[in-house]
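Student: Those sequence lines, one after another, are chains A, B and C. Just so we're aligned, residue 9 is where the first sequence starts under the numbering used here, counting upward by one. Just so we're aligned, residue 187 is where the second sequence starts under the numbering used here, counting upward by one. Just so we're aligned, residue 173 is where the third sequence starts under the numbering used here, counting upward by one. Don't be surprised by glycine CBs; every beta carbon is placed ideally from N, CA and C. Structure in structure tokens, see below.
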Amino acid sequence: MSIWLQLIIALVAIAAGGWVFRFVGQKVTKDAPLYRDMPFGVAFGYVLGAALLVWLVSVYYVARTGEPAVANKYFFLRVAIEGFIGFAIIAYYFRLAGIYIGSEGSKKLFRSMPLTASFGIVTIIFYAFLAIFAGQISSLTIIVLAALGVPLCIYARVNFRADAAKSIVGVVSVTLIVFIVMYFVGPLAPYGQEEILGAANVVPGGDPAIGGNPDYPLGTDQIGRDILSRLIYGAQNTVGIAFATTVLAFLIGATLGFLAATIGGWLDQVISRAVDVLMAIPSLIFALLLMTIASVWAPELGIPLTYFMVLIIAVIDSTRVFRLARAVGLNIVVMDYIEAAKLRGEGMGYLIFREILPNATAPLLAEFGLRFCFVFLTIASLSFLGVGIQPPLADWGTMVKDLAQFINFAAFAPPVAAAPLLAAGAIALLTVAVNFVVDWMLHKSSGLKE
Amino acid sequence: MSESELLLKVRDLQIEGRSDEIWNPIINGASFDLKKGEVMGLIGESGAGKSTMGLAAMGYTRDGCRISGGTVEFDGIDLVNAPAAVKRSLLGKRIAYVAQSAAASFNPAHRLIDQHTEAPVQHKVSSKSDSEADGIELYRKLRLPNPDEIGFRYPHQVSGGQLQRAMTAMAMACRPDLIIFDEPTTALDVTTQIEVLASIREIVEEFDTAAIYITHDLAVVAQMADKIKVMLKGDEVEEAETREMLSTPKEDYTKSLWAVRSFQRPQKPAVHTSATPVISVQNVTAAYGKVSVLHDVSFDLHEGRTVAVVGESGSGKSTTARCITGLLPPKQGHIEYDGEILPLDYRKRSKTQLRQAQMIYQMADTALNPRKTIGELIGRPVQFYMGLTGKQKRRRVDQLLEEIELEPDTYYSRLPSELSGGQKQRIGIARALAAEPKFIICDEVTSALDQLVAEGILKLLAKLQDELGLTYMFITHDLATVKSIADEVVVMKDGRVVEQGPKHDMFKPPHHAYTDLLLSSVPEMDPDWLTNLLNERGVDNIGDAAVGKM
Amino acid sequence: MASILRIIAQRLALGLLTLFVVSIVIFTAVNLLPGDFAQAILGQGATPEAIEAIRNDLGLNDPPLTRYMQWLGGAIQGDLGNSFAQANFASFAGTDTGSGLASVASQVAPRFENTMFLAGVTAMIAVPIAVTLGVLAALYRNSIFDRAANVMTLSSISSPEFFMAYVLILFLAVLNPILPSLSNIYEGMDFSERLTKTLLPALTLTLVVTAHMMRMTRAAIINLLASPYIEMARLKGISPMRVIVKHALPNALAPIINVIALNLAYLITGVVVVEVVFVYPGIGQLFVDSVKIRDIPVVQACCLIFAAAYILLNLMADILSIISNPRLRHPK
């Protein structure tokens, strides 16, 4: 009960503070419009915000200086605050770098970028880096990349505007250099994802006093695989599979959507009604149902269940893509320039690929980001529920499920409890990052219309 | 002018608007005075800052705008720095506003009369029942049909012209000293516009209300205002009494605005009746699904001629164009090209047949693919129809750009978004020319453009016609355009051809009653035009016109 | 008035039709299973007699159409068939397979009630908070509050439910033992205890749903405040409060109701993961457990219930927004 009492007292104090704040503001500034016309709610809001800030700062200092019991209690809050500030600084410097390095176009882009989007882009790059270089890359990869990159550069120099060609050459060469460096640096994960080490059930945190081992900072699982390595490989598996699924969903959904929009008639009717029915079943529920069926099929056909999962989620998600692609397509189809092209006598292929598609890329790209998040979360949820990505592949959702019980160690050994949160946080961080970037893109494209 | 008569005093008003986190100026210092009972016309092209200034005269700025300098004094009260409560006590009560789109500015959730009485009741000017009775009285004064009953309808149940009058009544509810009219007739058809103009003028005179009348239409403002202020891109150009301004404008910009209306092509000799028309529309009847929109429409277009198809919205002008191009195959009748019957559906027409008839659209924004460069846009028909590629194609595109008076090297690799409205429309013309057609349909090509720009487009089209012997079908609702460019006129109403003939015959009486109404409703630059017209028609006649429309 | 009734009747019929088609989809999907249910249930070591017995019990020897009609007919009357899991257990126990069958309905019913309770508590907390915050964010858009709210809601939407759940467990159950982290609810529990145990899962769902609902409310209100009639009301000198209550709210009702119903529909998917984290004995957990042991009738039944609830809520959103639209309420 005392907690509620404290809360009420705090609120009353803040309310009083709000009134004083406004009153003092009016007196000091001699009725400047800002204070004169300020509603009480706004004053209350300012003081509430200030109070929260003061509380966070004080907690942070308590956590840093207090005795172990107190420090443990506020460990996670401290980490959260430090993490928040750390990310903000990284995002700030990334944007700063972007403003000074790169082509004119990219510099302009960075100048108008909010910190959240900058944070999102850094994070996405970091995940991509982890995913690609989790294991040792082969020399073949580098050869293939070079074989693709060099002709692309030559093509760009001949066909594109000078500045566009320059940035393509820049991107290709940076990518190649990174790959070559990483080839020699070696894998990021200290051990293989399926490698079974000597010690099983090592507690996370690396503190020998409670059963940890500094060689395995995050401990080992029940059959002795290094959790840190599996976390890093998780980026490759979880992100890679989600990405592939999203691409598949887009291939199915966008193709059907544009066909329905341009051809119309019964084709549109049939697909749209089918999509309506599929969308009437909540997607996670439908995925679980189909996964049940697939789990019976998989051993019969000898195809890993993960492939089924990719297909199932891609089909379910393609319905959403279809809706969007169709709507975007319909908006474009009614444009006069499409009518002009039709009256010119252009064929269906020209209409779709040269007239409609170039105008649909912006909304589709934003949708790709959102879909990726959705697919990624669905896969993580399925894995968490135990029917998603199958062992022995390392995967974050499964890891959260397996490590969940360590959370009860939080009060006396915070680093131990951090392990499951790290896996869950890894999922959250990426989706948050993608969403920030998408939000910025949507904001930008809607702002351009005004 | 004595101080006591002065109602509104605006001095060096500056307004800024925010885009991309930067404040950009919208109005750079405007000053004017308004006496009690005086009507000031505020005119300018789009982007001149007229509406922003009208709202600022009420001490109000839209979101993302701010008054950055200067003063607005209403009856001695400083509106820029007044507390919100003081401003609120003036708005609606002593200063009222009539918005451009009445349909959007009435709250769809409440009856008209409830919205009418809101201001008087909230400002404690009168009781709800008194104000309701007064509202009905005002509706009657404004000649709304069924004044006793119309207020009890919801906004979506009332037509646009009537809503606009109901909104004027609402502005009058507290008998304000000042009303801001923000383009109140722009969205209306000409015949409706005249009723609204007449009723606004009458009621403003009756209650001796001062007003600021914002519009882009010179002829309209000439009817309404005692004095006129001209704006250009946020700057004031000049200000004078209406008659003085019309007869002797001082600034070049004002003179050029006035001159727009004087562009007129020389009359062409009459067509030989025996000549085969380029396009012949013969007894065309068409429908969208079951709703029939065209009834037995026939007319001819002769080589080198411009035929203007005139009518109000919904008269079937654009549908006729869709029938000719084959987008909407007619139910009956057919289209002849050079004496040869065209397939009804465009998909069945040959490439040559498609090439011969080209189209220029009203909205250049939607007519040009925003992702293609100018070179690609014009180059495509060149390649598609003429089979030119590489250097030859480039040369032809350059040639076309020169014809539409745009510098090829500057514009070749630009995107449509990097061009102004008039330039985009020129690209639309070049794309049509690229097919080397005989016949071009111009669908309201100038109605989305400012008057000066529109005139440039008309002159260009006239020049091209003389050079290339093109035949134009000009779809428009603007009779000023018809006067300046047409050789022959076809008047349409409700999907039928009401009257057709050479232009000089059409603009001379006697003609069909509808043509008469249409023609006489086009405002002229004479300040006495509306008064004369109303006398001519007699007051009751206006009401008849309204009924006739419904 | 007649036309609005007709529109509603149309929507209702469409909803029923969708539900019917969805039931076909679910049934067909399940019947795509290869080989034999019975074989799958009993495993490789089962005797042919046992398999045949189960086949007869489950009616697997009937043609698909008959089975579908029986299933649908049963489902309408509340009879969802028998659980495989019980049959499995019974056959291993060596008892007569027939008597060991437990009806799906008896398994689903109490858990369904628990889930409704959880969803109800969530809605009670989430709806008022979300609508208030959404309206505030719209009124003070682009302020610090709005920007902070934007970042926070976006983060909350992006995070998986189980991340939110564990963070809440960490702070509210482990570090500060305020609420229990396990929701072991049983019948006959008194209300306050039940509520306390439901609170943590409900808070988790609240975080996710509130974020969605708040963003959608904000967008709807901003859209509305930009309409010319709101500007007109301001220019009539109406007080800000009255502008909101008289002019914005009647028109905001339709979009807000829509937002709420859509998010309640979203809750349905959300409960599955959250129930598993907190071991909350609801229908979501039953569903996941049945999926793991491939208890097809239960999976089928849960799926149908989820879909029905989802369709119903969407239908409700649709109908309520039709009713609250003045243009439709007062036709020309």
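For the candidate residues C:Glu-359, C:Leu-347, C:Phe-317, whose alpha-carbon lies nearest to that of Asn-286 (chain C)?
Tutor: For the purposes of this step, residue 286 (chain C) is taken as residue 114 along the third sequence, with counting starting at 1. Comparing Cα-Cα distances from Asn-286 (chain C) to each of C:Glu-359, C:Leu-347, C:Phe-317, the minimum goes to C:Glu-359.
Student: With burial defined as no fewer than 16 other Cβ atoms inside 10 Å of the residue's Cβ, what is the status of Leu-485 (chain C): buried or exposed?
Tutor: Residue 485 (chain C) sits at position 313 when you count from the first residue of the third sequence. If you draw a 10 Å sphere on the C-beta of Leu-485 (chain C), you find 16 or more other C-beta atoms in it, and that means buried.
Student: Kindly list the residues whose CB is nearer than 6 Å to the CB of Cys-509 (chain B), restricted to its own chain and excluding five residues on each side of it in sequence; keep chain order.
Tutor: On the second sequence, position 323 is the one that residue 509 (chain B) refers to. Only Val-470, Ala-472, Pro-516 meet the Cβ criterion.
Student: Report all residues from its chain with a CB closer than 6 Å to the CB of Ala-285 (chain B); omit the five preceding and five following residues, and keep chain order.
Tutor: Position 99 of the second sequence, counted from the start, is the residue given in the question as residue 285 (chain B). Counting only Cβ-Cβ distances below 6 Å, and skipping sequence neighbours, we find Ser-291, Asp-368.
Student: Can you list, in chain order, the stretches of the beta strand (DSSP E) that have 3 or more residues and sit fully within the stretch 411-476 of chain B?
Tutor: Complete beta strand (DSSP E) runs here, min 3: 413-418, 421-427, 465-474.
Student: From the DSSP output, which residues share a beta bridge with Trp-209 (chain B)?
Tutor: Residue mapping note: residue 209 (chain B) aligns to position 23 of the second sequence, counting from 1. Under DSSP, Trp-209 (chain B) forms a beta bridge with B:Arg-204.
Student: Beta-carbon within less than 8 Å of Arg-366 (chain C)'s beta-carbon, same chain only, minus the 5 sequence neighbours each way: which residues are those?
Tutor: Indexing the third sequence from 1 puts residue 366 (chain C) at position 194. Cβ neighbours of Arg-366 (chain C) beyond the five flanking positions: Phe-289, Ile-357.
Student: Could you tell me which of B:Thr-538, B:Gly-614, B:Arg-533 sits nearest to Glu-562 (chain B), measuring between CA atoms?
Tutor: For the purposes of this step, residue 562 (chain B) is taken as the residue at position 376 of the second sequence. The candidate whose alpha carbon is nearest that of Glu-562 (chain B) is B:Gly-614.
Student: Take every Cβ of the stretch 383-396 of chain C, pair it with every Cβ of the stretch 295-312 of chain C, and state whether three or more of those distances are shorter than 8 Å.
Tutor: In the pairwise beta carbon analysis, the stretch 383-396 of chain C is classified as touching the stretch 295-312 of chain C: at least three pairs are separated by under 8 Å.
Student: Taking beta-carbon pairs under 9 Å, can you tell me which members of the stretch 388-418 of chain C lie near chain A?
Tutor: Pro-412
Student: Three-state secondary structure (DSSP) at His-690 (chain B)?
Tutor: As a first step, residue 690 (chain B) is located in the second sequence; it is residue number 504 there, counting from the start. Residue state, collapsed to three classes: helix.
Student: Under a CB-based cut-off of 7 Å, is His-302 (chain B) close to chain C?
Tutor: The residue labelled residue 302 (chain B) in the question sits at position 116 within the second sequence. For His-302 (chain B), the answer is no, since every Cβ of chain C falls outside 7 Å of its Cβ.
Student: Do we get a CB-CB distance below 7 Å when we pair Asn-322 (chain C) with the residues of chain B?
Tutor: Taking the third sequence and counting its residues from 1, one reaches residue 322 (chain C) at position 150. Not an interface residue.
Student: Can you round the beta-carbon distance between Tyr-325 (chain B) and Arg-297 (chain B) to whole angstroms, since I take them to be within the 8 Å contact cut?
Tutor: Counting from one through the second sequence, the residue named residue 325 (chain B) turns up at place 139. Counting from one through the second sequence, the residue named residue 297 (chain B) turns up at place 111. Not a contact, Cβ separation roughly 13 Å.
Student: What number of angstroms, rounded off, separates the C-alpha of Ala-302 (chain C) from the C-alpha of Val-408 (chain A)?
Tutor: Position 130 of the third sequence, counted from the start, is the residue given in the question as residue 302 (chain C). Position 400 of the first sequence, counted from the start, is the residue given in the question as residue 408 (chain A). Between the C-alpha atoms of Ala-302 (chain C) and Val-408 (chain A) there is a straight-line separation of about 29 Å.
Student: Please decide whether Asn-245 (chain A) counts as near chain B, where near means a Cβ-Cβ distance under 7 Å.
Tutor: Here residue 245 (chain A) is taken as the residue at index 237 of the first sequence, counted from 1. By this cut-off, Asn-245 (chain A) is not an interface position.
Student: For Ile-2 (chain A), name the three-state secondary structure that DSSP assigns.
Tutor: This structure leaves residue 2 (chain A) out entirely; chain A is present only between 9 and 458.
Student: Taking the straight line between their C-alpha atoms, what separation do you get for Val-304 (chain A) and Ser-195 (chain C)?
Tutor: What you label residue 304 (chain A) is simply residue 296 of the first sequence in a count that begins at 1. What you label residue 195 (chain C) is simply residue 23 of the third sequence in a count that begins at 1. Computed Cα separation, rounded: 21 Å.
Student: Name, please, each residue of chain A whose Cβ falls closer than 8 Å to the Cβ of Ala-201 (chain C).
Tutor: Locating residue 201 (chain C) in the third sequence gives position 29, where the first residue counts as 1. Neighbours of Ala-201 (chain C) on chain A, chain order: Leu-297, Leu-298, Ile-301.
Student: Given this structure, state the Cα-to-Cα distance separating Ala-265 (chain C) from Gly-206 (chain A), to the nearest angstrom.
Tutor: Position 93 of the third sequence, counted from the first residue, corresponds to residue 265 (chain C). Position 198 of the first sequence, counted from the first residue, corresponds to residue 206 (chain A). Confidence in Ala-265 (chain C) is poor, its pLDDT being 40 and thus under 50, which makes the residue's placement too unreliable to answer from.
Student: Between which residues of its own chain and Ala-461 (chain B) is the CB-CB distance below 7 Å, once the five residues before and five after are set aside?
Tutor: In the second sequence, residue 461 (chain B) corresponds to position 275, counting from 1. So the qualifying residues of the chain are His-488.
Student: Roughly how many angstroms separate the alpha carbons of Ser-271 (chain C) and Leu-458 (chain C), rounded to a whole number?
Tutor: In the third sequence, residue 271 (chain C) corresponds to position 99, counting from 1. In the third sequence, residue 458 (chain C) corresponds to position 286, counting from 1. With a pLDDT of only 41 at Ser-271 (chain C), under the threshold of 50, the placement of this residue in the model should not be trusted; the figure read from the coordinates follows. Spanning the two alpha carbons is a distance of roughly 22 Å.
Student: Among residues of its own chain, excluding the 5 on either side of Val-318 (chain A), which ones have a beta-carbon nearer than 7 Å to its beta-carbon?
Tutor: Start at 1 with the first residue of the first sequence, and residue 318 (chain A) comes out as number 310. Only Ile-249, Ala-252, Thr-253, Leu-256 meet the Cβ criterion.
Student: Can you tell me where the alpha helix (DSSP H) holding Ile-160 (chain B) begins and where it ends?
Tutor: The first residue shown for chain B is 187 and the last is 736, placing residue 160 (chain B) beyond what the model contains.
Student: Where does Glu-244 (chain B) land, buried or exposed, given buried means 16+ other C-beta within 10 angstroms?
Tutor: Against the second sequence, residue 244 (chain B) aligns to sequence position 58. Residue identity differs from the one stated: residue 244 (chain B) is Met in this sequence, not Glu. Buried, by the Cβ-count rule.
Student: Confirm, please, whether the CB-CB distance from Pro-423 (chain A) to Phe-414 (chain A) is below 7 Å.
Tutor: Within the first sequence, the letter at position 406 stands for residue 414 (chain A). Within the first sequence, the letter at position 415 stands for residue 423 (chain A). In this structure, Pro-423 (chain A) does not lie closer than 7 Å to Phe-414 (chain A) by Cβ.
Student: Using the C-alpha atoms, what's the distance from Tyr-338 (chain C) back to Pro-373 (chain C)?
Tutor: One-based indexing of the third sequence puts residue 373 (chain C) at position 201. One-based indexing of the third sequence puts residue 338 (chain C) at position 166. Looking at the two C-alpha atoms, the distance is approximately 10 Å.
Student: Could you list which residues in chain A have their beta carbon closer than 9 Å to that of Leu-326 (chain C), in chain order?
Tutor: Here residue 326 (chain C) is taken as the residue at index 154 of the third sequence, counted from 1. For the C-beta of Leu-326 (chain C), the chain A residues within less than 9 Å are, from N- to C-terminus, Thr-124, Val-440, Asn-443, Phe-444, Asp-447.
Student: Residues of chain A with CB closer than 7 Å to the CB of Arg-557 (chain B), please, in chain order.
Tutor: Along the second sequence, one-based indexing puts residue 557 (chain B) at 371. Those are Pro-366, Asn-367, listed as they occur along chain A.
Student: For a minimum of 4 consecutive residues, which ranges assigned as the alpha helix (DSSP H) are wholly contained in the stretch 19-85 of chain A?
Tutor: 41-44, 48-73, 76-81
Student: At the level of alpha carbons, what is the spacing between His-502 (chain C) and Met-488 (chain C)?
Tutor: Along the third sequence, one-based indexing puts residue 502 (chain C) at 330. Along the third sequence, one-based indexing puts residue 488 (chain C) at 316. Going by the C-alpha atoms only, they are around 21 Å apart.
Student: Assuming Tyr-54 (chain A) contacts Ala-71 (chain A) under a Cβ cut-off of 8 Å, what Cβ separation, rounded to an integer in Å, is found between them?
Tutor: Taking the first residue of the first sequence as position 1, residue 54 (chain A) is located at position 46. Taking the first residue of the first sequence as position 1, residue 71 (chain A) is located at position 63. The pair is not a contact, with the Cβ atoms about 26 Å apart (cut-off 8 Å).
Student: Report the residue ranges of all beta strand (DSSP E) runs contained in full by the stretch 606-669 of chain B; include only those spanning at least 3 residues, in chain order.
Tutor: 625-629, 657-662
Student: Leu-199 (chain B) bridges to which residues according to DSSP?
Tutor: Mapped onto the second sequence, residue 199 (chain B) falls at position 13. The partner list for Leu-199 (chain B) (beta bridge, DSSP) reads B:Ala-216.
Student: Work out the CA separation of Phe-392 (chain A) and Ala-222 (chain C) for me, nearest whole Å.
Tutor: What you label residue 222 (chain C) is simply residue 50 of the third sequence in a count that begins at 1. What you label residue 392 (chain A) is simply residue 384 of the first sequence in a count that begins at 1. The straight-line gap from Cα to Cα measures roughly 35 Å.
Student: Which bits of chain C does Ala-285 (chain B) rub up against, with CB to CB less than 7 Å?
Tutor: The residue given as residue 285 (chain B) occupies position 99 in the second sequence. Taking the beta carbon of Ala-285 (chain B) as reference, the chain C residues within 7 Å of it are Pro-400, Met-404, listed in sequence order.
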